[in-house]
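Okay, so here's the structure we're looking at.
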Amino acid sequence: MGEGDWEKTDPPELQFNPLDIPYVLQLVLKNLSVWNLRKCRLVCKYWNSEATSVMRKLSKISIRTENALEELMSQDLSKLCQSFDLKNEVKLKSTQTQDFFKRFGDNMKSLDISFHHEYGSAVIAEIFPYTPNVEELCLNGRAHFLYDENSRNTLMRVLPKLKCLFIYDSSFDLNGFEPRRIWAENVFHILSGAVNLEKIFYAPFLESRAKMFFEILKCQPVHHSNLSHLHINHLWMNPEETDTLVAQKYPLKYIHLVLTSHISRNSLNGLLSSVKETLRELTLTFTDGTSCLEFHPISPLDKIRKLSMIGYDGPLIVANAPALQLFVISLPDSTISPGNIWINPDLEGLEIYDFQIKYNLDYLKALFKMFESLKLLKINNVNNDILRAVYAYLPKLCELRTCFHKFYGVASSRIDSGLNGLASNKHDEELLELWDDRDVNHLRMNPWMGQLKHLKHLTLEVGLISDFGIVLGMARCKTLKELILKNTGGHFEDSGDSRLILTDRSLRVITEEMDLHYLKIDGFSHMFSSTAIEQAKECMASREFIIV
1 MGEGDWEKTD PPELQFNPLD IPYVLQLVLK NLSVWNLRKC RLVCKYWNSE ATSVMRKLSK
61 ISIRTENALE ELMSQDLSKL CQSFDLKNEV KLKSTQTQDF FKRFGDNMKS LDISFHHEYG
121 SAVIAEIFPY TPNVEELCLN GRAHFLYDEN SRNTLMRVLP KLKCLFIYDS SFDLNGFEPR
181 RIWAENVFHI LSGAVNLEKI FYAPFLESRA KMFFEILKCQ PVHHSNLSHL HINHLWMNPE
241 ETDTLVAQKY PLKYIHLVLT SHISRNSLNG LLSSVKETLR ELTLTFTDGT SCLEFHPISP
301 LDKIRKLSMI GYDGPLIVAN APALQLFVIS LPDSTISPGN IWINPDLEGL EIYDFQIKYN
361 LDYLKALFKM FESLKLLKIN NVNNDILRAV YAYLPKLCEL RTCFHKFYGV ASSRIDSGLN
421 GLASNKHDEE LLELWDDRDV NHLRMNPWMG QLKHLKHLTL EVGLISDFGI VLGMARCKTL
481 KELILKNTGG HFEDSGDSRL ILTDRSLRVI TEEMDLHYLK IDGFSHMFSS TAIEQAKECM
541 ASREFIIV
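If you read the sequence shown in the UniProt record's numbering, its first letter stands for residue 1, the second for the next number, and so on.
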């Protein structure tokens, strides 16, 4: 054909072979941690029965009774699951438990026995040899075998493929130098045999135990070329111990340190300098009486992508962090001032936690103005003033999460939309017709949610929603795809006022007028009639919808 003599045709429809499903799932899911994957929803025309086992391998089986062990013995778990945790009702010394490990231990990749502390070296000798492929291990710091000298021979030979070691509940003290030495050396025997170790997590970690740990580390270095995550809750870390870590030359990507007056700025910065090429996440917890000013400037932070600064006081001052993507801070009181913040002005994520309900609004506004390109904001204890500052200063926000945080305070207060003339208990459903900005402008007193034109995810964990304009504002966020509404009113007040502005009409607006892919309504279900809920389920049939 000559030039121009062509006929436009649709491309052929992609043919997907159902036999490829297991392979595709493996490819997509192989890097997802079993701890992070909460839910997976697949929509497809075809399925392959072999794909079921791929999905189940990502599951974690919690064994609560020895009867459950007996039931599992009849299953072919080797094809279904690789992650287990045993609750404290399951006796590790029992015959059923030992038989279970003999049969399925070889296939285990993740094992959590942190609920137990009564097991000694004899039990470990009968369990660990059957779990040679375990990559994630969670232990209780009070476990008898950790301070039993007879455990040494067993621990030197087991768990060669271990990548992640978590030790919880180490808060009890050991009387005397010798038990502490044995405890630390037993931990080291686990570490020494795990040549592929990537993550170490100790929490909490007492001063006496920590000192022994670093003393042994200094005398018996554990060389792990893959160690990338180090989390140590050690309240009395000193310069000598940071020097010990520097000497190990670990290629750390993540560090968590507790800062006190016992560690100097030079020691901290020396440690950061030693890992500046690999470090991407840094968490610094400032204890009582320790000021951020004592460590100014914290550097180098050139390649840090996530920086968490918890519990500091004084002006917020950090060194240059041009690559920072997520900044996490907690505010102990209202004395914080913006100070000098020399971090990436194109910061994408900010998490703020206030644990005394004393947010300084001017400080928050200064932060918001500084990071006007912010895409993610997570904040607890919000009120109307804070929300309006968000609407006014963060127009590019794609993800907004107001939350109840178990460590940093109570849930949010009563909120309203900022639209004039909406009584606190009035259902102004006629506002649904006001889709045009000009029609809404005459009602507006303050910045409101409808201004967030890029919002894709909204989580409102709040107390009372006091006017229908909130629903209207959400409906006007045309880009919104994920919505979570959670009633946390019981956390902060017992007013008895359940007249939230969520009605059957509200539910219809949310499910029919908004193009949501995911909707979760928690704690508000009593506001709706059963008919409205059924209609909402039908409307959201092809999408994720949860109401509790």
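Cβ atoms here follow ideal geometry from the backbone N, Cα and C, with glycine treated the same way.
Looking at the structure shown, is Thr95 part of a helix, part of a strand, or coil, going by DSSP? For Thr95, the secondary structure class from DSSP, reduced to helix, strand or coil, is helix.
Going by DSSP in three states, Ser330 sits in which element: helix, strand or coil? Three-state DSSP puts Ser330 in a strand.
If you draw a straight line from the C-alpha of Cys477 to the C-alpha of Glu399, how long is it? So the alpha carbons of these two residues sit roughly 12 Å apart.
Residues near His189 in its chain [Cβ-Cβ closer than 7 Å; skip 5 each side]: Taken in chain order, the residues that qualify are Arg152, Leu155, Met156.
Three-state class that DSSP yields for Val148 in the structure shown: Here residue 148 is Asp; the residue named in the question, Val, does not match the sequence. Reduced to three states, the DSSP call for Asp148 is coil.
So the candidates are Val471, Ile298, Glu118, Asn487; which of them puts its Cα closest to the Cα of Ala321? Checked all of Val471, Ile298, Glu118, Asn487; the closest Cα to Ala321 is Ile298.
Throw me the rounded Cβ distance for the Phe214 and Thr244 pair, which I believe falls under 8 Å. About 5 Å; that satisfies the 8 Å criterion.
Residues near Gln82 by beta carbon distance below 7 Å, same chain, minus five either side: Excluding residues within five positions, the ones whose Cβ falls inside 7 Å are Lys57, Asn107, Met108, Lys109, Ser110.
Whole angstroms are fine: how far does the CA of Lys456 sit from the CA of Arg180? Their backbone Cα atoms lie some 52 Å apart in a straight line.
Run the CB neighbour count on Asp515, radius 10 Å, all protein chains shown included, and call it buried at 16 or more, exposed below. By the Cβ-count criterion, Asp515 is exposed, with fewer than 16 other Cβ atoms from all chains shown falling within 10 Å of its own Cβ.
Specify the secondary structure class of Asp515 as computed by DSSP and reduced to three states. Correct three-state label for Asp515: coil.
With DSSP run on the structure shown, which of helix, strand or coil describes Cys81? In the displayed model, Cys81 falls within coil according to three-state DSSP, outside both helix and strand.
Using DSSP bridges, identify the partner residues of Asp522. The partner list for Asp522 (beta bridge, DSSP) reads Lys486.
Does the distance from the CB of Glu70 to the CB of Gln98 come in under 7 Å? Not in contact: Glu70 and Gln98 (Cβ atoms no closer than 7 Å).
Thr95 versus Leu72: straight-line alpha-carbon distance, rounded: Thr95 and Leu72: Cα-Cα distance of roughly 14 Å.
DSSP puts Cys164 in a beta bridge; with which residues? The partner list for Cys164 (beta bridge, DSSP) reads Glu136, Lys199.
Going by the beta-carbon positions, is the gap between Glu281 and Lys306 smaller than 7 Å? In contact: Glu281 and Lys306 (Cβ atoms closer than 7 Å).
Helix, strand or coil, according to DSSP, for Tyr393 in the structure here? If DSSP states are grouped into helix, strand and coil, Tyr393 belongs with the helices.
What ranges does the alpha helix (DSSP H) occupy inside the stretch 347 to 393, keeping only unbroken runs of at least 4 residues that lie completely in it? Runs found: 361 to 370, 384 to 393.
Spatial neighbours of Lys520 in its chain, beta-carbon cut-off 6 Å, leaving aside the 5 residues before and after: Closer than 6 Å at Cβ, skipping near neighbours: Ile484, Ile546.
If we call anything under 7 Å between Cβ atoms a contact, is Phe145 one with Ile124? In this structure, Ile124 lies closer than 7 Å to Phe145 by Cβ.
Own chain partners of Arg388 with C-beta closer than 7 Å, once the 5 adjacent residues on each side are dropped: Same-chain partners within the cutoff: Gly418, Asn446, Pro447.
Could you check what DSSP says for Tyr254 in three-state terms: helix, strand or coil? When secondary structure is reduced to three states using DSSP, Tyr254 falls in the strand class.
Select from Asn344, Asn381, Ile352 the residue whose C-alpha is nearest the C-alpha of Glu372. Answer by Cα proximity: Asn344.
Between the C-alpha atoms of Lys537 and Tyr518, what's the straight-line distance to the nearest angstrom? Their Cα atoms are separated by approximately 12 Å.
Around the Cβ of Glu135, are there at least 16 other Cβ atoms within 10 angstroms (buried) or fewer (exposed)? Buried is the call here.
Going residue by residue through the stretch 235 to 314, where are the continuous beta strand (DSSP E) segments of at least 3 residues, counting only ones entirely within it? The stretch 235 to 314 contains these whole beta strand (DSSP E) runs: 254 to 259, 281 to 286, 306 to 310.
Would you call Phe177 buried or exposed, if buried means 16 or more other Cβ atoms sit within 10 Å of its Cβ? Around the beta carbon of Phe177, a 10 Å sphere encloses fewer than 16 other beta carbons of the protein chains shown; the residue is thus reported as exposed.
Can you tell me the Cα-Cα spacing of Thr488 and Val187, whole angstroms? Cα to Cα, the separation comes out at about 42 Å.
Rounded to whole angstroms, what's the CA-CA distance from Gln325 to Glu348? Just pull it up for me. Taking the Cα positions, Gln325 is about 5 Å away from Glu348.
Where does Gln220 land, buried or exposed, given buried means 16+ other C-beta within 10 angstroms? Result: exposed.
Beta-carbon within less than 6 Å of Lys369's beta-carbon, same chain only, minus the 5 sequence neighbours each way: which residues are those? Once the five neighbours on either side are set aside, the close Cβ partners of Lys369 are Tyr393.
Given that a residue counts as buried once 16 or more other Cβ atoms are within 10 Å of its Cβ, and exposed if not, what is His223? Flag for His223 reads exposed.
Can you check whether the CB of Val275 is closer than 7 Å to the CB of Leu252? Taking 7 Å as the Cβ cut-off, Leu252 and Val275 qualify as a contacting pair.
Which same chain residues, not among the five before or five after Arg265, have their C-beta less than 7 Å away from its C-beta? Cβ neighbours of Arg265 beyond the five flanking positions: Glu294, Phe295.
Rounded to a whole number of angstroms, what is the C-alpha to C-alpha distance between Leu37 and Phe84? Residue confidence for Leu37 is low, a pLDDT of 48 falling below 50, so the modelled location carries little weight; the figure read from the coordinates is stated next. Those two C-alpha atoms are separated by around 15 Å.
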